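Chemist: Have a look at this one before I ask anything.
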Amino acid sequence: MDLDSVDLNELRYEALSERPSKVQLTDLGRPVAPGATIADWLDGLPNQLAAKGLKSLRDAIVTAHETGRPVVAALGGHVIKTGCAPYLIDWVERGVLDGLALNGSAAIHDLELAIAGKTSEDVGPRLMAGTFGFARETSDLYAWACERAATQGCGLGAALADVILERGGPGLNASLLVAARRKKIPLTVHVAIGTDIVHMTPQLDGAALGKATLDDFRILTNLIAQLAGGVWLNLGSAVVLPEVFLKAVSIVRNLGRSLDGLTTANLDFNQQYRGLLNVLQRPGAQGIALTGHHELMIPLLHAAVATRLQAPVAAPSANGHP
44 MDLDSVDLNE
54 LRYEALSERP
64 SKVQLTDLGR
74 PVAPGATIAD
84 WLDGLPNQLA
94 AKGLKSLRDA
104 IVTAHETGRP
114 VVAALGGHVI
124 KTGCAPYLID
134 WVERGVLDGL
144 ALNGSAAIHD
154 LELAIAGKTS
164 EDVGPRLMAG
174 TFGFARETSD
184 LYAWACERAA
194 TQGCGLGAAL
204 ADVILERGGP
214 GLNASLLVAA
224 RRKKIPLTVH
234 VAIGTDIVHM
244 TPQLDGAALG
254 KATLDDFRIL
264 TNLIAQLAGG
274 VWLNLGSAVV
284 LPEVFLKAVS
294 IVRNLGRSLD
304 GLTTANLDFN
314 QQYRGLLNVL
324 QRPGAQGIAL
334 TGHHELMIPL
344 LHAAVATRLQ
354 APVAAPSANG
364 HP
């Protein structure tokens, strides 16, 4: 074995001007001047990594909207808890969103905000006290919605929106469920039994819940079958909705339907296994991962889309209206 040092004098060099480079002067960010608009700020972002992904997602949403292709948002409960529903409601009302899919916790937080104007418990101390998850109105209305959905075959999302509207409350205009129902777009809720507070109470009929959420899965699958050229946004659901999406995609492909031109995005404060694989990689779509807090990323995406829509979009207020 040769124990001599490597001879570096035989290294080959190339001209820097000819070497491929991933960063150009045109990719650098541009600081905005005082009084600049949101559009100015977005245009001044570096053309790199997440900033590039944000612009790509903005363009995909706007293109889908303008060409009549569906844009669907799937969201977990943290999106509601961080105050981001008004931005999605604005998209529903303006016709940017063509469907909504919620996991169980998102539906519960939305329901509570609608009927009581508040939601989200401090789990730790209430769990120790044996009081966590036992709000009467939440459980009663949810059980009622499940029975109605099972009887009428309308799906859990639609039934929850209907019972919220009948019950009334101070937060109706801040409810995604209500907004989607009023706009008559597909609205589905996808439940993993045993994961939500409403599953702890005796008035809930498990058979009714199972039928209601299964009906919603089939409604959502029919919507996903139309997603060619559209956009699927996974917002803060790490497990349930990525799994639901994957199974729906499998059905769609088994039926011979095309999903060509689909853009998928996963927005969360960290990128987890199922969001990355089931949403961004396995479906064979253009996948965009944006990592950050919902209370920053969703308003930012909303503003980015607003700069490209034909009609300006005003910032939503606390009641869900511009």
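Under the numbering used here, the letters of the sequence shown match residues 44 to 365, in that order.
Idealized CB from N, CA, C, for every residue including glycine.
Please read all numbers here as calculations on a predicted model, not as lab measurements.
State the DSSP-derived secondary structure class of residue 156, mapped to helix, strand or coil.
Modeler: In the structure shown, residue 156 sits in a helix (DSSP, three-state: H, G or I).
Chemist: Please report the distance separating the alpha-carbon of residue 67 from that of residue 61.
Modeler: Cα to Cα, residue 67 sits roughly 13 angstroms from residue 61.
Chemist: Please state whether the Cβ-Cβ distance between residue 11 and residue 230 is less than 7 angstroms.
Modeler: The displayed coordinates of the chain run from 44 to 365. Any statement about residue 11 would go beyond what the structure contains.
Chemist: I want to know whether the region 92-106 touches the region 119-130 - three or more CB-CB distances under 8 angstroms.
Modeler: They do not touch, by the three-pair rule.
Chemist: Do you know offhand how far residue 128's Cα is from residue 222's?
Modeler: So the two alpha carbons sit approximately 10 angstroms from each other.
Chemist: Check this for me: beta carbons of residue 267 and residue 291, under 7 angstroms apart or not?
Modeler: In this structure, residue 291 lies closer than 7 angstroms to residue 267 by Cβ.
Chemist: Quick test of the definition: if touching needs 3 or more C-beta pairs under 8 angstroms, does the region 314-326 touch the region 145-157?
Modeler: No, the region 314-326 does not touch the region 145-157.
Chemist: State the start and end residues of the unbroken alpha helix (DSSP H) segment that holds residue 107.
Modeler: Residue 107 -> alpha helix (DSSP H) spans 92-109.
Chemist: Per the DSSP calculation, residue 307 is bridged to which residue(s)?
Modeler: Per DSSP, 275 and 330.
Chemist: Give the range of the beta strand (DSSP E) segment to which residue 142 is assigned.
Modeler: Note, residue 142: beta strand (DSSP E), 142-146.
Chemist: What separation, rounded to the nearest whole angstrom, lies between the Cα atoms of residue 308 and residue 206?
Modeler: So the alpha carbons of these two residues sit roughly 32 angstroms apart.
Chemist: Is residue 55 near the ligand MN, judged by its Cβ being under 6 angstroms from some heavy atom?
Modeler: Judged by which ligands are present, the structure shown has none, so any question about the ligand MN falls away.
Chemist: Using the Cα positions of residue 333 and residue 275, report the straight-line distance between them to the nearest angstrom.
Modeler: Their backbone Cα atoms lie some 13 angstroms apart in a straight line.
Chemist: Just to confirm, are residue 85 and residue 347 a CB contact at a threshold of 7 angstroms?
Modeler: Against a cut-off of 7 angstroms, the Cβ pair of residue 347 and residue 85 comes out as a contact.
Chemist: Do residue 135 and residue 227 have their CB atoms nearer than 7 angstroms?
Modeler: For residue 135 and residue 227, no; Cβs fall outside 7 angstroms.
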